[in-house]
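Reading through the C-alpha coordinates given below for one structure.
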Amino acid sequence: MGVEIERKFLVDHEKWHQADKPNGVHYQQGYILNDDNRTVRVRVTDTHGYITLKGRGTSNMSRTEFEYEIPVADAKALLKEFAKNSTEKIRYCIPFGGFTWEVDEFSGSNEGLIVAEIELNDEQDNFEKPHWITTEVTDDERYLNSNLATRPFKDWH
1 MGVEIERKFL VDHEKWHQAD KPNGVHYQQG YILNDDNRTV RVRVTDTHGY
51 ITLKGRGTSN MSRTEFEYEI PVADAKALLK EFAKNSTEKI RYCIPFGGFT
101 WEVDEFSGSN EGLIVAEIEL NDEQDNFEKP HWITTEVTDD ERYLNSNLAT
151 RPFKDWH
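Numbering follows full-length UniProt numbering, in which position 64 of the sequence shown is assigned residue number 64; successive positions increment by one, without gaps.
Here you go:
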(Lines of atoms letter the chains of each structure in order from A and count residues from 1; the text may use other names and numbers.)
(Lines give C-alpha, C1' and ligand atoms only; values in the text may rest on other atoms or scores of the structure.)
Protein backbone atom coordinates (compact mmCIF):
# COMPACT_ATOMS: atom_id res chain seq x y z
CA MET A 1 0.00 0.00 0.00
CA GLY A 2 1.29 3.49 -0.83
CA VAL A 3 1.55 6.03 1.97
CA GLU A 4 2.19 9.74 1.55
CA ILE A 5 3.74 11.53 4.53
CA GLU A 6 3.79 15.28 4.01
CA ARG A 7 3.72 18.53 5.91
CA LYS A 8 2.29 21.82 4.58
CA PHE A 9 3.36 25.38 5.24
CA LEU A 10 2.34 28.84 4.15
CA VAL A 11 4.88 30.90 2.24
CA ASP A 12 5.99 34.49 2.78
CA HIS A 13 5.04 36.10 -0.54
CA GLU A 14 7.75 38.77 -0.56
CA LYS A 15 10.57 36.37 0.30
CA TRP A 16 9.25 33.78 -2.17
CA HIS A 17 9.08 36.24 -5.06
CA GLN A 18 12.68 37.30 -4.35
CA ALA A 19 13.94 33.70 -4.13
CA ASP A 20 15.91 32.05 -6.91
CA LYS A 21 13.75 29.26 -8.33
CA PRO A 22 13.41 27.07 -11.42
CA ASN A 23 10.58 27.39 -13.92
CA GLY A 24 7.28 26.16 -12.57
CA VAL A 25 4.86 23.69 -14.11
CA HIS A 26 1.18 24.53 -14.64
CA TYR A 27 -1.20 21.99 -13.10
CA GLN A 28 -4.93 21.67 -13.50
CA GLN A 29 -6.51 19.13 -11.23
CA GLY A 30 -10.07 18.02 -10.70
CA TYR A 31 -11.84 15.71 -8.33
CA ILE A 32 -14.01 12.81 -9.45
CA LEU A 33 -14.66 11.76 -5.85
CA ASN A 34 -14.12 14.08 -2.94
CA ASP A 35 -15.43 13.22 0.51
CA ASP A 36 -14.07 13.20 4.06
CA ASN A 37 -12.49 9.76 3.72
CA ARG A 38 -11.18 9.54 0.17
CA THR A 39 -10.52 11.42 -3.05
CA VAL A 40 -10.00 10.48 -6.67
CA ARG A 41 -8.06 13.22 -8.42
CA VAL A 42 -7.09 13.74 -12.04
CA ARG A 43 -4.10 16.02 -12.70
CA VAL A 44 -2.84 17.40 -16.00
CA THR A 45 0.29 19.28 -17.06
CA ASP A 46 1.23 20.18 -20.63
CA THR A 47 2.95 16.82 -21.03
CA HIS A 48 1.64 14.43 -18.36
CA GLY A 49 -1.60 13.12 -16.91
CA TYR A 50 -2.15 11.38 -13.57
CA ILE A 51 -4.93 9.75 -11.64
CA THR A 52 -4.51 9.63 -7.87
CA LEU A 53 -6.51 7.88 -5.19
CA LYS A 54 -6.08 9.10 -1.62
CA GLY A 55 -7.58 7.72 1.57
CA ARG A 56 -7.84 8.91 5.11
CA GLY A 57 -4.62 8.21 6.95
CA THR A 58 -3.49 7.79 10.50
CA SER A 59 -3.05 11.58 10.80
CA ASN A 60 -3.36 14.70 8.64
CA MET A 61 0.31 14.13 7.85
CA SER A 62 0.01 10.51 6.62
CA ARG A 63 -2.48 9.26 4.06
CA THR A 64 -2.79 6.28 1.76
CA GLU A 65 -1.99 7.28 -1.81
CA PHE A 66 -1.90 5.52 -5.16
CA GLU A 67 -0.83 7.62 -8.17
CA TYR A 68 -0.59 6.45 -11.76
CA GLU A 69 0.48 8.20 -14.92
CA ILE A 70 -2.16 8.10 -17.65
CA PRO A 71 -2.20 9.52 -21.19
CA VAL A 72 -2.64 13.31 -21.27
CA ALA A 73 -5.63 13.03 -23.60
CA ASP A 74 -7.34 10.65 -21.16
CA ALA A 75 -6.63 12.95 -18.22
CA LYS A 76 -8.09 15.94 -20.08
CA ALA A 77 -11.19 13.92 -20.99
CA LEU A 78 -11.62 12.75 -17.38
CA LEU A 79 -11.35 16.36 -16.16
CA LYS A 80 -13.92 17.53 -18.68
CA GLU A 81 -16.40 14.68 -18.30
CA PHE A 82 -16.13 13.58 -14.66
CA ALA A 83 -14.49 16.21 -12.42
CA LYS A 84 -16.97 17.91 -10.13
CA ASN A 85 -14.60 20.74 -9.14
CA SER A 86 -11.01 21.75 -9.80
CA THR A 87 -8.04 23.94 -8.95
CA GLU A 88 -5.17 25.42 -10.93
CA LYS A 89 -1.66 26.25 -9.82
CA ILE A 90 1.95 26.65 -10.80
CA ARG A 91 4.20 24.16 -8.98
CA TYR A 92 7.88 24.77 -8.29
CA CYS A 93 10.14 21.94 -7.08
CA ILE A 94 12.92 23.27 -4.85
CA PRO A 95 15.70 21.00 -3.53
CA PHE A 96 16.66 22.13 -0.03
CA GLY A 97 18.32 20.39 2.91
CA GLY A 98 18.16 16.90 1.39
CA PHE A 99 14.43 17.11 0.56
CA THR A 100 12.37 18.54 -2.28
CA TRP A 101 9.91 21.28 -1.42
CA GLU A 102 6.91 21.56 -3.74
CA VAL A 103 5.64 25.13 -3.74
CA ASP A 104 2.21 25.78 -5.25
CA GLU A 105 1.11 29.24 -6.37
CA PHE A 106 -2.63 28.94 -6.83
CA SER A 107 -4.68 30.86 -9.38
CA GLY A 108 -8.40 31.35 -10.05
CA SER A 109 -10.55 31.21 -6.91
CA ASN A 110 -7.45 30.40 -4.84
CA GLU A 111 -5.41 33.35 -6.18
CA GLY A 112 -3.06 34.74 -3.54
CA LEU A 113 -2.47 31.41 -1.81
CA ILE A 114 1.05 29.97 -1.85
CA VAL A 115 1.58 26.65 -0.04
CA ALA A 116 4.79 24.64 0.34
CA GLU A 117 4.77 20.89 0.95
CA ILE A 118 7.58 18.58 1.98
CA GLU A 119 7.22 14.83 1.56
CA LEU A 120 8.93 12.83 4.29
CA ASN A 121 9.95 9.21 4.76
CA ASP A 122 8.72 9.15 8.36
CA GLU A 123 6.51 11.46 10.43
CA GLN A 124 9.45 11.99 12.81
CA ASP A 125 11.92 13.13 10.10
CA ASN A 126 13.79 16.31 10.93
CA PHE A 127 14.25 18.87 8.17
CA GLU A 128 15.49 22.37 7.60
CA LYS A 129 13.02 25.01 6.43
CA PRO A 130 13.83 27.50 3.65
CA HIS A 131 13.74 31.16 4.71
CA TRP A 132 10.43 31.76 2.87
CA ILE A 133 8.48 29.22 4.99
CA THR A 134 6.08 30.63 7.61
CA THR A 135 3.18 28.95 9.42
CA GLU A 136 2.59 25.19 9.36
CA VAL A 137 -0.92 24.31 8.15
CA THR A 138 -0.65 20.50 7.98
CA ASP A 139 -3.52 20.10 10.45
CA ASP A 140 -5.71 22.81 8.88
CA GLU A 141 -7.95 20.94 6.45
CA ARG A 142 -8.89 24.15 4.62
CA TYR A 143 -5.51 23.88 2.89
CA LEU A 144 -6.06 20.40 1.47
CA ASN A 145 -6.17 20.71 -2.33
CA SER A 146 -9.41 18.73 -2.35
CA ASN A 147 -11.00 21.27 0.01
CA LEU A 148 -9.63 24.25 -1.93
CA ALA A 149 -11.51 22.88 -4.95
CA THR A 150 -14.86 23.07 -3.13
CA ARG A 151 -14.23 25.93 -0.68
CA PRO A 152 -11.72 28.25 -2.32
CA PHE A 153 -9.30 30.51 -0.50
CA LYS A 154 -11.14 33.67 -1.63
CA ASP A 155 -14.25 32.55 0.30
CA TRP A 156 -12.60 32.33 3.72
CA HIS A 157 -9.41 34.36 3.65
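The beta-carbon is built from N, C-alpha and C at its ideal position, and this holds for glycine as well.
Source: prediction; values computed, not measured.
Compare the C-alpha of residue i against each of the options and name the closest.
i             : options                           : result
threonine 52  : Val40, Asn60, Thr58 and Asp104    : Val40
threonine 58  : Trp156, Pro152, Val137 and Glu6   : Glu6
asparagine 60 : Lys76, Thr47, Tyr68 and Asn37     : Asn37
tyrosine 27   : Glu88, Leu33, Phe127 and Asp20    : Glu88
alanine 73    : Asp46, Thr138, Phe96 and Val11    : Asp46
glycine 108   : Phe127, Glu102, Glu123 and Ala149 : Ala149
aspartate 139 : Ser62, Asp35 and Phe66            : Ser62
In the DSSP output, which residue or residues are listed as bridge partners for residue i?
i            : result
arginine 38  : Gly55
aspartate 46 : Answer is none; aspartate 46 lacks a bridge partner.
leucine 33   : Val40
alanine 116  : Phe9 and Val103
Between the C-alpha atoms of residue i and residue j, what's the straight-line distance to the nearest angstrom?
i              : j                : result
arginine 43    : tyrosine 50      : 5 Å
asparagine 147 : proline 130      : 26 Å
threonine 64   : glutamate 4      : 6 Å
glutamate 14   : glutamate 117    : 18 Å
leucine 33     : glycine 55       : 11 Å
isoleucine 90  : glycine 2        : 25 Å
leucine 75     : tyrosine 143     : Residue 75 is actually alanine in this sequence, not leucine. Straight-line Cα distance between these residues: approximately 24 Å.
glycine 30     : proline 71       : 16 Å
glutamate 128  : phenylalanine 82 : 40 Å
glycine 112    : glutamine 124    : 31 Å
aspartate 35   : aspartate 122    : 26 Å
For residue i and residue j, which I take to be in contact (beta-carbon distance under 8 Å), what is that distance rounded to the nearest angstrom?
i              : j               : result
leucine 79     : serine 86       : 7 Å
residue 208    : proline 152     : Since the first residue shown for the chain is 1 and the last is 157, residue 208 is missing from the structure and cannot be characterised.
tryptophan 156 : alanine 19      : Between alanine 19 and tryptophan 156 the Cβ distance is about 27 Å, and since that is not below 8 Å, they are no contact.
threonine 135  : phenylalanine 9 : 7 Å
Helix, strand or coil for residue i? Go by DSSP, reduced to three states.
i             : result
threonine 150 : helix
histidine 26  : strand
valine 137    : coil
leucine 10    : strand
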